[in-house]
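A.B. asks: The structure is given below, and queries will be raised subsequently.
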Amino acid sequence: MSAGRDMLRREAEAAADEVARHPATLQVCRYIARSRTLRSVIGDFDIGIPVEDLRRHAAEALRRNEFMAYTVSLPDHFDTDELCFVPQDGWCDILSIRTNGWHRHHGDHRRGLNEILSDLAAAVACAKLRILSVEELAIECSRGLALVDLAVGDAATLSQARGAVDTVLRENGLTKSARAAFVLCISEAASNMLLHGGGGGSVTLRRLEDRLRAVVADRGPGLNFMNWMEPPAADGQASMGYGLKIILDNLDTVGLHTGESGTTLLLDRMTT
Amino acid sequence: MLQTTTSPGPAPTVYLSGELDLDCADGLRAAAFAAARGAQAVVVDFAGVQFIDSSGTGIFVRLCLDLRSQGVPVTARSLPPQVRGVFDMLRVRELVGDEVFAGS
Numbered sequence: 001m002s003a004g005r006d007m008l009r010r011e012a013e014a015a016a017d018e019v020a021r022h023p024a025t026l027q028v029c030r031y032i033a034r035s036r037t038l039r040s041v042i043g044d045f046d047i048g049i050p051v052e053d054l055r056r057h058a059a060e061a062l063r064r065n066e067f068m069a070y071t072v073s074l075p076d077h078f079d080t081d082e083l084c085f086v087p088q089d090g091w092c093d094i095l096s097i098r099t100n101g102w103h104r105h106h107g108d109h110r111r112g113l114n115e116i117l118s119d120l121a122a123a124v125a126c127a128k129l130r131i132l133s134v135e136e137l138a139i140e141c142s143r144g145l146a147l148v149d150l151a152v153g154d155a156a157t158l159s160q161a162r163g164a165v166d167t168v169l170r171e172n173g174l175t176k177s178a179r180a181a182f183v184l185c186i187s188e189a190a191s192n193m194l195l196h197g198g199g200g201g202s203v204t205l206r207r208l209e210d211r212l213r214a215v216v217a218d219r220g221p222g223l224n225f226m227n228w229m230e231p232p233a234a235d236g237q238a239s240m241g242y243g244l245k246i247i248l249d250n251l252d253t254v255g256l257h258t259g260e261s262g263t264t265l266l267l268d269r270m271t272t
Numbered sequence: 273m274l275q276t277t278t279s280p281g282p283a284p285t286v287y288l289s290g291e292l293d294l295d296c297a298d299g300l301r302a303a304a305f306a307a308a309r310g311a312q313a314v315v316v317d318f319a320g321v322q323f324i325d326s327s328g329t330g331i332f333v334r335l336c337l338d339l340r341s342q343g344v345p346v347t348a349r350s351l352p353p354q355v356r357g358v359f360d361m362l363r364v365r366e367l368v369g370d371e372v373f374a375g376s
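Here's what the structure looks like:
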């Protein structure tokens, strides 16, 4: 009996260690149709599924031109993962979503982690959110003309950035409500950067031929999607989990790159 | 930057002005908890709020839930359109209950 209890305790401790080692993650890899190759775009894409199976499903998603999602139960993980195949133009993004058993407890007013990650996958599926490789990010961040370029390191400089962006948006003919929505989205991205992205970064507003683009970039450790669950510091605050939803609901397209050298969001509002 | 002023009474009113963002937790909570001491209820007036985001909203939601658990209900009033819009986006009524907005 005692040995049985010990075994259960050891299993519970092993499960807790598993969460600590593998926080909830989004990993993305890209299947290139022409070369039949896979390359990691976000994270180290090693989810325990044979590469040939990934290739086969990606090729099928491309052939059918349909978003495909699977729930995957792996023997060495204690929770199921979601695997999404999102066909694009000549390639297929493969998203691995892992929540590692975390579930919102009763009475928690924040958004569920699985809801956040599902929103993200759905946004990629409907082409609202584009996952960018390092090369694509470099190209996209240099397009157009910089109108505002500010370092943001605390709440005061974020407030200044909101004011500066609002002024330029007004000069570019945006209505009051359009400005409010755009500034809100920039603030959500920059707040996330301050709370979880290494404490600071930059907000740049650029004018392209057909759109206004805010680039919010940090040099933090990359998104891990668990920082909304626990405050990043003892005196910090957990996120409510709605920032990304606000951004996706209020903008035309969004670009995301995240990795060990930082996270960048491109927030686009079409002007034509 | 958030500024607060409080009018005393059995149901004191905390007037907010400025911005409710990630930096407002200490100011908002200190003012509301001070007002709640010995009070039957607390009114939070948003008329002077120029900006709110999900961080500020989360801090207000947490405040409502914490004060209610101490037996002091919070009501919100005079919501400017930007605040109302963000509260609607984040379904704040569902999180804190319609009664918080009974007087708005």
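Going line by line, the protein sequences match chains E and Y.
The numbering of the first sequence is my numbering, which starts it at 1 and goes up by one.
The numbering of the second sequence is my numbering, which starts it at 273 and goes up by one.
Positions of the beta carbon are idealized from the N, C-alpha and C atoms, including for glycine.
#1: Which residues of chain E have a Cβ atom closer than 7 Å to the Cβ of S350(Y), listed in chain order?
#2: Please indicate yes or no: does the CB of L265(E) lie closer than 8 Å to some heavy atom of the ligand FAD?
#3: With H, G and I counted as helix, E and B as strand and the rest as coil, what does DSSP make of A160(E)?
#4: What is the C-beta distance between D325(Y) and E188(E), in whole angstroms, given that I count them as a contact (C-beta under 8 Å)?
#5: Counting contacts by CB-CB distance shorter than 9 Å, is S327(Y) in contact with chain E?
#6: Looking only at DSSP bridge pairs, what is M84(E) linked to?
#7: Could you tell me the distance, in whole angstroms, from the CA atom of P232(E) to the CA atom of K245(E)?
#8: For W228(E), name the three-state secondary structure that DSSP assigns.
#9: Going by DSSP in three states, A33(E) sits in which element: helix, strand or coil?
#10: Exposed or buried, C141(E), counting other C-beta atoms within 10 Å across all chains shown (16 or more means buried)?
#11: Helix, strand or coil for L244(E) per DSSP?
#12: Assuming F373(Y) and P352(Y) make a contact with CB atoms under 8 Å, what is their CB distance in whole Å?
#13: Could you tell me which whole alpha helix (DSSP H) segments of length 4 or greater appear in the stretch 120 to 201 of chain E?
#14: Determine the DSSP secondary structure at A306(Y), reduced to helix, strand or coil.
#15: Could you please give the first and the last residue of the uninterrupted alpha helix (DSSP H) stretch that includes M361(Y)?
#16: If you run the structure through DSSP and keep just helix, strand and coil, what is L367(Y)?
#17: Hey, is A180(E)'s beta-carbon within less than 9 Å of any beta-carbon in chain Y?
#18: With a cut-off of 9 Å, does the C-beta of Q358(Y) fall near any C-beta of chain E?
#19: Where do the N-terminal and C-terminal ends of the alpha helix (DSSP H) with A59(E) fall, by residue?
#20: From this set, V124(E), G243(E), S35(E), R98(E), which residue's C-alpha is nearest V273(E)'s C-alpha?
#21: Helix, strand or coil: how does DSSP classify V283(E) here?
#22: Would you verify that the beta carbon of I249(E) is, or is not, closer than 9 Å to some beta carbon of chain Y?
#23: Considering V344(Y), what are the terminal residues of the alpha helix (DSSP H) in which it resides?
#24: Based on the DSSP output, what are the partners of S289(Y) in its beta bridges?
#25: With DSSP as the reference, label G255(E) as helix, strand or coil.
#26: Give me the chain E residues within the contact set of E291(Y), using Cβ-Cβ distance strictly less than 7 Å, ordered along the chain.
#27: Give me the chain E residues within the contact set of D295(Y), using Cβ-Cβ distance strictly less than 7 Å, ordered along the chain.
C.D. replies: According to the structure data:
#1: Sequence index remark: in the second sequence, residue 350(Y) carries index 78 (1-based). Within 7 Å Cβ-Cβ: nothing; S350(Y) doesn't reach chain E, min ~18 Å.
#2: Absence of the ligand FAD from the depicted structure is noted, as is the absence of any ligand whatsoever, leaving it without description.
#3: If you number the first sequence from 1, residue 160(E) lands on position 160. The sequence shown places Gln at residue 160(E), not Ala. Residue state, collapsed to three classes: helix.
#4: What you label residue 325(Y) is simply residue 53 of the second sequence in a count that begins at 1. What you label residue 188(E) is simply residue 188 of the first sequence in a count that begins at 1. Indeed, because the Cβ distance is near 6 Å, the residues count as touching under 8 Å.
#5: What you label residue 327(Y) is simply residue 55 of the second sequence in a count that begins at 1. It does; some Cβ of chain E falls within 9 Å.
#6: Working through the first sequence from its first residue, we reach residue 84(E) at position 84. The sequence given here has Cys at residue 84(E), not Met. Under the DSSP definition of a beta bridge, C84(E) partners with A69(E), L95(E).
#7: In the first sequence, the residue the question calls residue 232(E) occupies position 232. In the first sequence, the residue the question calls residue 245(E) occupies position 245. For P232(E), the predicted model reports a pLDDT of 41, less than 50, meaning its position is unreliable and no value from the coordinates is stated.
#8: Here residue 228(E) is taken as the residue at index 228 of the first sequence, counted from 1. Because the pLDDT at W228(E) is just 45, under 50, the model does not fix this residue reliably, and the value given afterwards should be weighed accordingly. Three-state result, W228(E): coil.
#9: For the purposes of this step, residue 33(E) is identified with residue 33 of the first sequence, where counting begins at 1. It is coil, neither helix nor strand.
#10: As a working mapping, residue 141(E) is identified with position 141 in the first sequence. Buried is the call here.
#11: On the first sequence, position 244 is the one that residue 244(E) refers to. Helix at L244(E).
#12: Translated into positions along the second sequence, residue 373(Y) becomes position 101. Translated into positions along the second sequence, residue 352(Y) becomes position 80. About 14 Å; that fails the 8 Å criterion.
#13: Secondary structure in the stretch 120 to 201 of chain E: the alpha helix (DSSP H) runs of 4 residues or longer, each lying completely within the stretch, are 134 to 141, 155 to 171, 176 to 196 in chain order.
#14: The count along the second sequence starts at 1 and reaches residue 306(Y) at position 34. A306(Y): helix per DSSP, three-state reduction.
#15: Here residue 361(Y) corresponds to residue number 89 of the second sequence, with the count starting at 1. Run containing M361(Y): 353 to 361, per the alpha helix (DSSP H) assignment.
#16: Counting from one through the second sequence, the residue named residue 367(Y) turns up at place 95. Helix, per DSSP.
#17: Numbered from its first residue, the first sequence carries residue 180(E) at position 180. So yes, A180(E) belongs to the interface.
#18: Within the second sequence, residue 358(Y) is the residue found at index 86, counting from 1. Per the sequence presented here, residue 358(Y) reads as Val, with Gln not at that position. Under the Cβ distance rule, V358(Y) counts among the residues neighbouring chain E, one pair being separated by less than 9 Å.
#19: Counting from 1 along the first sequence, the entry for residue 59(E) is found at position 59. Its alpha helix (DSSP H) spans residues 51 to 64.
#20: There is simply no residue 273(E) to check, as chain E begins at 1 and stops at 272 in what is shown.
#21: With chain E covering only 1 through 272, there is no way to say anything about residue 283(E).
#22: Numbered from 1 along the first sequence, position 249 holds the residue referred to as residue 249(E). This sequence places Asp at residue 249(E); Ile is not what is there. For D249(E), the answer is yes, since a Cβ of chain Y falls inside 9 Å of its Cβ.
#23: The sequence position of residue 344(Y) within the second sequence is 72, counting from 1. Looking at the DSSP string, V344(Y) is not in any alpha helix (DSSP H), and its letter there is neither H nor E.
#24: The residue labelled residue 289(Y) in the question sits at position 17 within the second sequence. Under the DSSP definition of a beta bridge, S289(Y) partners with Q275(Y), G320(Y).
#25: On the first sequence, residue 255(E) is found 255 positions in, with the first residue counted as 1. Assigned with DSSP and collapsed to three states, G255(E) falls in strand.
#26: On the second sequence, residue 291(Y) is found 19 positions in, with the first residue counted as 1. What E291(Y) touches in chain E, judged by beta-carbon distance under 7 Å, is S159, going in chain order.
#27: By one-based count along the second sequence, residue 295(Y) stands at place 23. Neighbours of D295(Y) on chain E, chain order: A155.
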